[in-house]
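Chains A and B are the protein sequences, given in the same order.
Take any residue in the first sequence, note its place counting from 1, add 515, and you have its number in this note's numbering.
Take any residue in the second sequence, note its place counting from 1, add 515, and you have its number in this note's numbering.
All C-beta atoms, glycine included, are put in the ideal place defined by N, C-alpha and C.
From a predicted model like this one, the values you see are computed outputs, not experimental measurements.
There are 2 protein chains.
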Amino acid sequence: MQTEIINIGDELLIGQVINTNASWMSEQLNLAGFPVHRVTIIPDDPQHILDALKESGQRSELVLLTGGLGPTKDDLTKDTLCKYFRTKLVFDPVTFQTIEKFFKARGFQVTVINRKQAEIPENCIAIPNINGTAPGMWFEQEVPGVEKKHVFVSMPGVPFEMKAMLLNEVIPRLKQYFQPVTVLHHTLLTQGIGESFLSDLLEDWETHLPVNLHLAYLPQPGIVRLRLTGQGDDESRLQKQMDEEISKLKLLIPDYIFGEDNTTLEAVVGKLLKEKGSTLATAESCTGGYIAHLVTSIPGSSEYYKGSIIAYSNDIKVKELGVNEKTILENGAVSEEVVKQMAGNVRTRFDSDYSIAVSGIAGPDGGTKDKPVGLTWIAIAGPSGVQAGKYFFGDNRERNIRRAALQALNLLRKHILGS
Amino acid sequence: MQTEIINIGDELLIGQVINTNASWMSEQLNLAGFPVHRVTIIPDDPQHILDALKESGQRSELVLLTGGLGPTKDDLTKDTLCKYFRTKLVFDPVTFQTIEKFFKARGFQVTVINRKQAEIPENCIAIPNINGTAPGMWFEQEVPGVEKKHVFVSMPGVPFEMKAMLLNEVIPRLKQYFQPVTVLHHTLLTQGIGESFLSDLLEDWETHLPVNLHLAYLPQPGIVRLRLTGQGDDESRLQKQMDEEISKLKLLIPDYIFGEDNTTLEAVVGKLLKEKGSTLATAESCTGGYIAHLVTSIPGSSEYYKGSIIAYSNDIKVKELGVNEKTILENGAVSEEVVKQMAGNVRTRFDSDYSIAVSGIAGPDGGTKDKPVGLTWIAIAGPSGVQAGKYFFGDNRERNIRRAALQALNLLRKHILGS
């Protein structure tokens, strides 16, 4: 079956409000077994609403609408729904009681405008709104040549009203009405390899995936998420099938996977340090505090993070990090020797178990033929010694900073795990 | 004319990724004089893509597509575009050169998969992608009974690739092709005051604005942007009208405005330091490197930024920043005395003209009745001495870090300007 979402609201079409309703609804509907095939945003305009209802009603068994139901915009969507379903508004006493109760609980009388909210199209079933006054509306529509009537559900656009209504009222009714297929997702998070190189490594495995499983590549600067999606009738069988393929996938790219599903590299590293009771210090040059920022964005990071010295000039590298002046003169600030001294010395000074040091050329200026923009040295120091690696990231300052920071955190993760 | 956006991507339909592209694109297209009337999200599926192309092409003069252009297997958009426009893929040598250059700069050879990215539909014009390998594509389509051909533009879905392409390549071409009404924008950037308080101060001025001018409040954590938009036929008259109102607006809230249009507080502060030939050092506790990250996100910041000590534990505050241990014991780490010592000492140690120090409780843990989550002390030190201020930001860790960092940068800006 096909499901779609229609979000009504001018504010969504001028960039003032990001349409977070659609992604939240899609996630919940997917989890409940109603994969969403289309999302449409339209303005608060009767003709646009009518067009969208006509198109979606022909295409999809299930259409969920949000927005256009507040006390001020009320008439617009409800009148258009009446026009589409060739019906009229009638006063619903049960809905009115709910509205009256809602206002009384807050010490208010029901206004004329709010009384109008109890008027709903004659052919719909009202769905209670526990967090507001505009009821939801459930419509069923005969479609020529189709046995089961199509369903339209209209909900308020205010996120906390819509969310409670979808979870507590709408999804249970949908499950009863339709018999949804099972959809499962599993995401692996990778760092240090680009989308096309990953694709080369996975090509053979991907071609042999069962037809009901599908892999998607979701790249961000420095990170590629791999999402495996499966559909099936039998949940436990599907789960087993997914687990098998995920196991195979993990064996193909063990060096690049740092986590699963909704986590971040900084959270994974933080958890690892916490579990080991270990501490971390950092010494940053080109990343300019971004590693520290990622590490400290995790609540509770003060348990394992001691701090950082950001040495954005050579004299600070010498004075505050104890880097040998001669080493800088002979090798340059962006070199294996310097980054190793930075890592070793900050670890000693901050008395931490582990340390990270980064020195590179973030750009856009400062590159030379031998040391181009994007060149970055990263060192990790720990109880077992210091190791360093050389990387070429690219020519964009913002992404070089991000890529270097993520690469450094992943090196630390591997160093701690002893791989 | 009617404009619509089609975002292609399974990830947008399972709730894993919020469709921020649509709101950003809507904003930019609106600003350029192309109001958006519809946004549609569809899966990576040829039939859905084909249906959406057919519907939108009938309805709208301008259709912008994103997504489905990466080098991997889940990308079907180009084949579907060929089917829709009844054309075939051809190898584009210019695009290939760009891809080759992109890979060479990173020390890689072009793979077979990436070579395929230089194949584009025969009837389109390739649009360069400065941040990636997939080119954009500009199509024009004859529509029966319509004089001007409809335009379709296909762009990558990766936000930073799409953004650069839309701003630098697509919008200038659209302005040349369609000649939209003149829309002018002027944005003032404020820090340190919330949206509702600003609105109170501006109410009277706003009510008396000419009907063709409109003010929008665009809040972000710590910053409110005020965007004045004007529409008109005569550009120079409109410009004069806008300038007059902006002058009045500036007089109403002089203390809160730190810049105009597309700048940032970190860029404004950087420019000021550079102009004065002055240097900066920072000492961060609760902001955990975020101030350093903001400062060093500006190209050329090594000219004025010397570095930072991030002291995420009390012993680092004592050992590395020379804060008096007794002061911490008597006043706590989040106090006027500690933050003043941090600012003064880092300025001396790093031999900088100015310094910033921050100490606060970012949350979610660590708050007490006397010192709740969100309490933050900020100090600025300069040639004329040290000043400190106390702030209460809120209960959200991420926003507290951002608000504290922006407040600190604005305090430094005012300190340097001597206000």
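Close beta carbons around residue i, own chain, < 7 Å, minus the five adjacent residues each side
{"i": "residue 760 of chain A", "result": "724, 728, 743"}
{"i": "residue 637 of chain B", "result": "602, 603, 605"}
{"i": "residue 591 of chain A", "result": "559, 561, 583"}
{"i": "residue 840 of chain A", "result": "833"}
{"i": "residue 882 of chain B", "result": "876, 888"}
{"i": "residue 720 of chain A", "result": "763, 764, 767"}
Beta-carbon proximity list for residue i, same chain, < 6 Å, skipping 5 on both sides
{"i": "residue 646 of chain B", "result": "675, 676, 679"}
{"i": "residue 670 of chain B", "result": "581, 651, 677, 680"}
{"i": "residue 731 of chain A", "result": "742"}
{"i": "residue 746 of chain A", "result": "696, 698, 727"}
{"i": "residue 807 of chain A", "result": "797, 823"}
{"i": "residue 596 of chain A", "result": "636"}
{"i": "residue 734 of chain A", "result": "710"}
{"i": "residue 858 of chain A", "result": "870, 872, 894, 896, 901"}
{"i": "residue 852 of chain B", "result": "842, 846"}
{"i": "residue 701 of chain A", "result": "743, 757, 761"}
Nonlocal neighbours in the same chain, by C-beta distance under 8 Å from residue i, ignoring five residues either side
{"i": "residue 878 of chain A", "result": "888, 889, 910, 911, 912, 915"}
{"i": "residue 772 of chain B", "result": "703, 704, 705, 765"}
{"i": "residue 535 of chain B", "result": "674"}
Residue i classed as buried or exposed, judged by whether at least 16 other C-beta atoms fall within 10 angstroms
{"i": "residue 741 of chain A", "result": "buried"}
{"i": "residue 626 of chain A", "result": "exposed"}
{"i": "residue 540 of chain B", "result": "buried"}
{"i": "residue 845 of chain A", "result": "exposed"}
{"i": "residue 516 of chain B", "result": "exposed"}
{"i": "residue 856 of chain B", "result": "buried"}
{"i": "residue 690 of chain B", "result": "exposed"}
{"i": "residue 607 of chain A", "result": "buried"}
{"i": "residue 609 of chain A", "result": "exposed"}
{"i": "residue 722 of chain B", "result": "exposed"}
{"i": "residue 908 of chain A", "result": "buried"}
{"i": "residue 493 of chain A", "result": "Missing from the structure shown is residue 493 of chain A; chain A here goes from 516 to 934 and no further."}
{"i": "residue 593 of chain B", "result": "buried"}
{"i": "residue 628 of chain A", "result": "exposed"}
{"i": "residue 518 of chain B", "result": "buried"}
{"i": "residue 932 of chain B", "result": "exposed"}
{"i": "residue 527 of chain A", "result": "buried"}
{"i": "residue 525 of chain B", "result": "buried"}
{"i": "residue 751 of chain B", "result": "exposed"}
{"i": "residue 920 of chain A", "result": "buried"}
Looking at chain B, which residues of the stretch 536-564 of chain A have a Cβ within less than 9 Å of any of its Cβ atoms? Legend: CB atoms of the stretch 536-564 of chain A lying less than 9 Å from CB atoms of chain B belong to residues 537, 538, 539, 540, 541, 542, 543, 544, 545, 546, 550, 551, 552, 553, 554, 555, 556, 557, 558, 560, 563.
Determine, using beta-carbon pairs with one atom in the stretch 541-551 of chain A and one in the stretch 678-691 of chain A, whether at least three such pairs fall under 8 Å. yes
Segment contact flag, the stretch 569-585 of chain A with the stretch 651-667 of chain A, C-beta cutoff 8 Å, min 3 pairs: yes
Where in the stretch 574-621 of chain A do unbroken runs of the beta strand (DSSP E), each at least 3 residues long, occur, reported from the N-terminal end onward? 577-581, 604-606
Counting pairs of beta carbons, one from the stretch 780-791 of chain B and one from the stretch 781-794 of chain A, are three or more of them closer than 8 Å? no
Members of the stretch 690-713 of chain A that neighbour chain B once the beta carbon cut-off is set at 9 Å: Listed in chain order, the positions of the stretch 690-713 of chain A with a beta carbon within less than 9 Å of a beta carbon of chain B are 698, 700, 702, 709, 710, 711, 712, 713.
Tell me whether the stretch 653-672 of chain A and the stretch 695-711 of chain A touch, counting them as touching only if at least three CB pairs, one residue from each stretch, are closer than 8 Å. no
Can you check the stretch 682-719 of chain B for any alpha helix (DSSP H) of at least 4 residues that lies completely inside it and give the ranges in chain order? 686-692
To be precise: take each residue of the stretch 606-629 of chain B, compare its Cβ to all Cβ atoms of chain A, and keep it if any distance is under 7 Å. Which residues remain? Answer set for the stretch 606-629 of chain B: 620, 621, 622, 626, 628, 629.
In the stretch 832-891 of chain B, which residue ranges form an unbroken alpha helix (DSSP H) of at least 4 residues, counting only runs that do not cross its ends? 840-846, 851-864
In chain order, which beta strand (DSSP E) runs of at least 3 residues are fully inside the stretch 630-679 of chain B? 634-636, 640-642, 651-656, 665-670
Going residue by residue through the stretch 533-571 of chain A, where are the continuous beta strand (DSSP E) segments of at least 3 residues, counting only ones entirely within it? 551-557
Going along the chain, which residues of the stretch 903-919 of chain B sit with their C-beta nearer than 8 Å to a C-beta in chain A? Those residues of the stretch 903-919 of chain B that come within reach of chain A (Cβ to Cβ, closer than 8 Å) are 912, 913, 916.
Are the stretch 797-804 of chain B and the stretch 823-842 of chain B touching, with three or more C-beta to C-beta distances below 8 Å? yes
Three CB pairs or more closer than 8 Å across the stretch 814-829 of chain B and the stretch 814-822 of chain A: yes
I'd like to know if the stretch 893-905 of chain B and the stretch 866-884 of chain B are in contact, where contact means that at least 3 CB-CB pairs between them fall below 8 Å. yes
Would you list, in sequence order, the uninterrupted beta strand (DSSP E) runs of no fewer than 3 residues that lie entirely inside the stretch 735-822 of chain A? 738-747, 772-775, 795-799
Residues of the stretch 817-828 of chain B in Cβ contact with chain A at a cutoff of 9 Å, in chain order, please. 817, 820, 821, 822, 823, 824, 825, 826, 827, 828
May I ask you to list, following chain order, the residues of the stretch 520-534 of chain B that have a beta carbon less than 9 Å from some beta carbon of chain A? 520, 522, 524, 525, 526, 527, 528, 529, 530, 531, 532, 533, 534
Which of the residues in the stretch 806-817 of chain A, read from start to end, lie with their CB under 8 Å from any CB of chain B? 806, 807, 808, 810, 811, 812, 814, 815, 816, 817
Mind listing which residues of the stretch 855-875 of chain A have their C-beta closer than 9 Å to chain B's C-betas, in chain order? 864, 865, 866
Select from the stretch 715-734 of chain A all residues with a C-beta closer than 7 Å to any C-beta belonging to chain B, and list them in chain order. Listed by position along the chain: 715, 721, 731, 732, 733, 734.
Of all the residues that make up the stretch 734-756 of chain B, which are near chain A by a beta-carbon distance shorter than 8 Å? So the list is empty, because no residue satisfies the distance condition.
The stretch 831-850 of chain B: positions lying closer than 9 Å to chain A by Cβ: Taking 9 Å as the Cβ-Cβ cut-off against chain A, the residues of the stretch 831-850 of chain B that qualify are 831, 832, 834, 835.
Using a beta-carbon distance cut-off of less than 8 Å, what residues from the stretch 663-693 of chain B approach chain A? 673, 675
Closer than 9 Å between beta carbons: that is the criterion. Which residues of the stretch 875-887 of chain B meet it against chain A? 877, 878, 879, 880, 881
For the stretch 787-806 of chain B, list every residue whose C-beta sits within 7 Å of some C-beta in chain A, in sequence order. 803, 804, 805
Quick one: which residues of the stretch 633-644 of chain B get their C-beta closer than 9 Å to a C-beta of chain A? List them in chain order. none
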